[in-house]
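Below is one structure, written out as structure tokens, with a few remarks after it.
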Amino acid sequence: MAWYLEGTYLENCNCDVVCPCVASAFAAPASYDRCTVMFAWHLDSGEVDGTDVSDLSVVLVLDTPRQMSEGNWRVGMFMDERANDEQTEKLGGIFSGQMGGPLANVAPLIGENLGMEVASIEHTDDGRRHRVKVGDAIDVEIEDLVSPFDPDGPPPKLTETRHPTNSEMTPSRGLSARVRGLGVDFSGEGKSGLSSSFSWSG
Amino acid sequence: MLREVAENVLRRDRIVVLSGLAVITTLSWAYMSSLASEMRNMDMGAEMMTMPRMQAWGIADFGLTFGMWAVMMVAMMTPSAAPMILMFAGVNRRRREQQVSYVPTSVFLVGYLVVWATFSILATAAQWGLHAVSLLSPMMAITSPVVGGVLLLAAGVYQWTPLKHACLSKCRSPLGFVMNEWREAGWGAFLMGLKHGGYCTGCCWSLMALLLVAGVMNLLWVATIAGFVLLEKVAPAGDRLGRVAGVVLVGWGVWMVTGVL
């Protein structure tokens, strides 16, 4: 079993800007009683056991205790409707942590599987604003936090975050941000967003 | 309903691991206290008693001193490592439930303690060196205020270094450790223990060295340093607390050194 995935990532949660978990390298608890969060990956390129999975997307929604290290996470998955059966099976394996890679380390923290839903997943990105739409369930747009003196310059980054997707993350804020699907329901408007590129293998 | 059952099991699991750690810690403290009181009694018998031992160390002295340091490190560090050990145990319990291979928590703990045992060898060697140049009192405290002051100063400065910060931030985040540094199987668990122990030693070695200033078996200091190390790791403002302590230590060191001049 050999695979690699490369692409772009964005997330939006119900924490205040900036998400205290990520800013503290996962020492501090979330802002509110529960952590509700959406993770969205778009694969620019990728191959799993000889199967090409380029140009597909996977989105996870999570509902976890305030201190994520306690485990008992509730996790649901949205799979790109353009993926065929083989691609669905292979990506499903990776994103549920059954095929090694960064997500395998957190799989034991999952307490409840909320299931998988096939949906259209549409990413748009202008370099500053990152947006993902998932069927009728999710419509999230986040915007990078920038210097007021240099709004067009490269946005400041969080480094050494220990985030499984990429240790370097660009912090942002939710613009319009609504997640309601697979039993996870929250508004990330005005709340913490993060984006990055990623490169995984297993 | 299912969730309640799962949480009850989790709670019971935690209690088992925590009880184990509490027993290890209590035994270490008990042994250390009895050693300390023995030493005090020896001290009462005037310096003649200890004088011959002040001459030179044999293998037995090295062994005894190492044993003392090792037990002391177990007593001091096990409580601060508890959050990480609990997290490791929790992950493996779930893996067992999900019928994925799992590792007993003790393997991780052994790896962790091997690092502190190694540190204890170095501490013993340092004590040996200080002893050889007659810089240690019978209570194993550094007799020269200049050497003691410089140690305090160095420990204070270290609190502000990037290395200390890097190690502490890793020690403070069991989830970050599990997400980024998980290794499979028993050997992997042992290596994870070593690595976590490495971060911890990177955080605390200079604070432990201060035991040589106060007297190695000075139980009040042992407890104070252990308590501080725990706060630094688990308190929300632990890293700031560490920096404040750094300033205090530098001030104290300067005061000790200039007091002599």
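For the record, the sequence lines run as chains L and V. When we follow this note's numbering, the leftmost residue of the first sequence carries the number 7, and every step to the right adds one. When we follow this note's numbering, the leftmost residue of the second sequence carries the number 792, and every step to the right adds one. Yeah, the Cβ is synthetic: ideal placement off N, Cα and C, and Gly gets one too. Quantities reported herein were computed from a predicted structural model and do not represent experimental measurements.
(message) At 3 residues or longer, what runs of the beta strand (DSSP E) sit wholly inside the region 174-206 of chain L?
(response) Within the region 174-206 of chain L, the complete beta strand (DSSP E) segments at least 3 residues long are 176-187 and 190-193, listed from N- to C-terminus.
(request) Determine the extent of the beta strand (DSSP E) in which residue 85 of chain L is found, giving its start and end residues. (result) That run of the beta strand (DSSP E) goes 79-86.
(request) Would you mind working out which of L:201, L:144, L:146 and L:189 sits nearest residue 167 of chain L, comparing C-alpha positions? (result) If we check each option's Cα against that of residue 167 of chain L, L:201 comes out closest.
(message) Residues in the same chain with beta-carbon distance under 6 Å from residue 871 of chain V, minus the five sequence neighbours each way, listed in chain order, please.
(response) Sequence-distant partners of residue 871 of chain V (beyond 5 residues in either direction) whose C-beta falls short of 6 Å from its own C-beta, in its chain, are 1020, 1021 and 1024.
(message) Quick check: the Cα distance between residue 864 of chain V and residue 33 of chain L, rounded to an integer number of angstroms?
(response) So the alpha carbons of these two residues sit roughly 24 Å apart.
(request) Counting only the same chain and skipping the five closest in sequence on each side, list residues whose C-beta sits under 7 Å from that of residue 106 of chain L. (result) A distance below 7 Å between beta-carbons, with the five flanking residues on each side excluded, links residue 106 of chain L to the following residues of its chain, in chain order: 208.
(message) Let me see if you follow: with CB-CB separation under 8 Å, is residue 907 of chain V close to chain L or not?
(response) Residue 907 of chain V does not count as touching chain L.
(message) With distance defined between alpha-carbon atoms, name the residue in L:66, L:36 and L:40 nearest to residue 48 of chain L.
(response) Ranking L:66, L:36 and L:40 by Cα distance to residue 48 of chain L puts L:66 first.
(message) Between the region 965-984 of chain V and the region 875-884 of chain V, can you find at least three pairs of beta-carbon atoms closer than 8 Å?
(response) The count of Cβ pairs closer than 8 Å, one atom from the region 875-884 of chain V and one from the region 965-984 of chain V, reaches three, so the stretches are in contact.
(message) Between which residues of its own chain and residue 926 of chain V is the CB-CB distance below 8 Å, once the five residues before and five after are set aside?
(response) Correct list, in chain order: 933, 934, 935 and 938.
(message) Whole angstroms are fine: how far does the CA of residue 1000 of chain V sit from the CA of residue 1031 of chain V?
(response) Using only the alpha carbons, I get a separation of about 21 Å.
(request) Determine the DSSP secondary structure at residue 71 of chain L, reduced to helix, strand or coil. (result) Residue 71 of chain L falls in the strand class under three-state DSSP.
(message) Is it the case that the region 48-57 of chain L contacts the region 71-81 of chain L, given that we only count it when at least three CB pairs across the two stretches are under 8 Å?
(response) Contact fails: fewer than three Cβ-Cβ distances are below 8 Å.
(message) If you measure between the beta carbons of residue 187 of chain L and residue 144 of chain L, is that distance less than 8 Å?
(response) Taking 8 Å as the Cβ cut-off, residue 187 of chain L and residue 144 of chain L qualify as a contacting pair.
(message) Residues in the same chain with beta-carbon distance under 8 Å from residue 181 of chain L, minus the five sequence neighbours each way, listed in chain order, please.
(response) In its chain, beyond the 5 residues on either side, 135, 147, 148, 149 and 195 have a beta carbon closer than 8 Å to the beta carbon of residue 181 of chain L.
(request) Would you kindly check if the distance between the Cβ of residue 984 of chain V and the Cβ of residue 903 of chain V is under 8 Å? (result) Judged by their CB atoms, residue 903 of chain V and residue 984 of chain V are nearer to each other than the 8 Å cut-off.
(message) Run through chain V and tell me which residues come within less than 7 Å of residue 168 of chain L, C-beta to C-beta.
(response) Think of a sphere of 7 Å around the beta carbon of residue 168 of chain L: the chain V residues whose beta carbon falls inside it are 964, 967, 970 and 971, in chain order.
(message) Looking at chain V, is there any beta carbon in it that lies within less than 8 Å of the beta carbon of residue 32 of chain L?
(response) Interface residue, yes.
(message) My output table needs one value for residue 163 of chain L: the three-state DSSP class, helix, strand or coil.
(response) If DSSP states are grouped into helix, strand and coil, residue 163 of chain L belongs with coil.
(request) Consider the Cβ of residue 882 of chain V: report whether some Cβ of chain L lies at a distance smaller than 8 Å. (result) Chain L, which has a Cβ nearer than 8 Å to the Cβ of residue 882 of chain V, makes this yes.
(request) Check the Cβ of residue 112 of chain L against every Cβ in chain V and list those closer than 8 Å, keeping chain order. (result) Here the neighbours are 969 and 970.
(message) Does chain L have any CB closer than 8 Å to the CB of residue 836 of chain V?
(response) Caution applies to residue 836 of chain V, whose pLDDT of 46 falls short of 50 and renders its modelled position unreliable; the model cannot decide the point.
(request) Report the option in V:991, V:982, V:979 and V:1013 whose CA atom is closest to the CA atom of residue 746 of chain V. (result) Outside the displayed span of chain V (792 to 1052) sits residue 746 of chain V, for which this structure offers no information.
(message) Give me the chain V residues within the contact set of residue 77 of chain L, using Cβ-Cβ distance strictly less than 9 Å, ordered along the chain.
(response) Neighbours of residue 77 of chain L on chain V, chain order: 801, 878, 881, 882 and 885.
(message) Cutting at 8 Å between CB atoms, please list the residues of its own chain near residue 894 of chain V, excluding the five before and the five after it.
(response) Here the set comprises 883, 976, 977, 979 and 980.
(message) Rounded to the nearest angstrom, what separates residue 996 of chain V and residue 910 of chain V at their Cα positions?
(response) The straight-line gap from Cα to Cα measures roughly 8 Å.
(request) Output, in sequence order along the chain, the residues in the region 933-962 of chain V whose CB is closer than 7 Å to any CB in chain A. (result) No chain A appears in the structure shown, which is made up of the protein chains L and V.
(request) Could I get the ranges of all uninterrupted beta strand (DSSP E) runs contained in the region 82-148 of chain L, with 3 residues as the minimum, in chain order? (result) For secondary structure counted as the beta strand (DSSP E) over 3 or more consecutive residues, the region 82-148 of chain L holds these complete runs in sequence order: 116-125, 127-131 and 135-140.
(message) Taking the alpha-carbon of residue 113 of chain L as reference, which of V:1049, V:891 and V:1011 has the nearest alpha-carbon?
(response) Measuring from the Cα of residue 113 of chain L, the nearest candidate turns out to be V:891.
(message) For residue 155 of chain L, count the other beta carbons within 10 Å of its own beta carbon; 16 or more makes it buried, fewer makes it exposed. Which is it?
(response) Answer is exposed; the Cβ neighbour count stays below 16.
(message) Please classify residue 1042 of chain V as buried or exposed, where buried requires at least 16 other C-beta atoms within 10 Å of its C-beta.
(response) Label assigned to residue 1042 of chain V: exposed.
(request) Spatial neighbours of residue 955 of chain V within its chain, please: CB distance less than 6 Å, with the 5 preceding and 5 following residues excluded, ordered by chain position. (result) The answer, listed in chain order, is 949.
(message) Rounded to whole angstroms, what is the Cα-Cα separation between residue 204 of chain L and residue 125 of chain L?
(response) Rounded to the nearest angstrom, the two C-alpha atoms are 23 Å apart.
(message) Between which residues of its own chain and residue 861 of chain V is the CB-CB distance below 6 Å, once the five residues before and five after are set aside?
(response) Within the same chain, residue 861 of chain V has close Cβ partners 908 and 911.
(request) Assign residue 818 of chain V to one of two classes, buried (16 or more other C-beta atoms within 10 Å of its C-beta) or exposed (fewer than that). (result) Exposed, by the Cβ-count rule.
(message) At the level of alpha carbons, what is the spacing between residue 70 of chain L and residue 899 of chain V?
(response) If you draw a straight line from the Cα of residue 70 of chain L to the Cα of residue 899 of chain V, it comes to about 26 Å.
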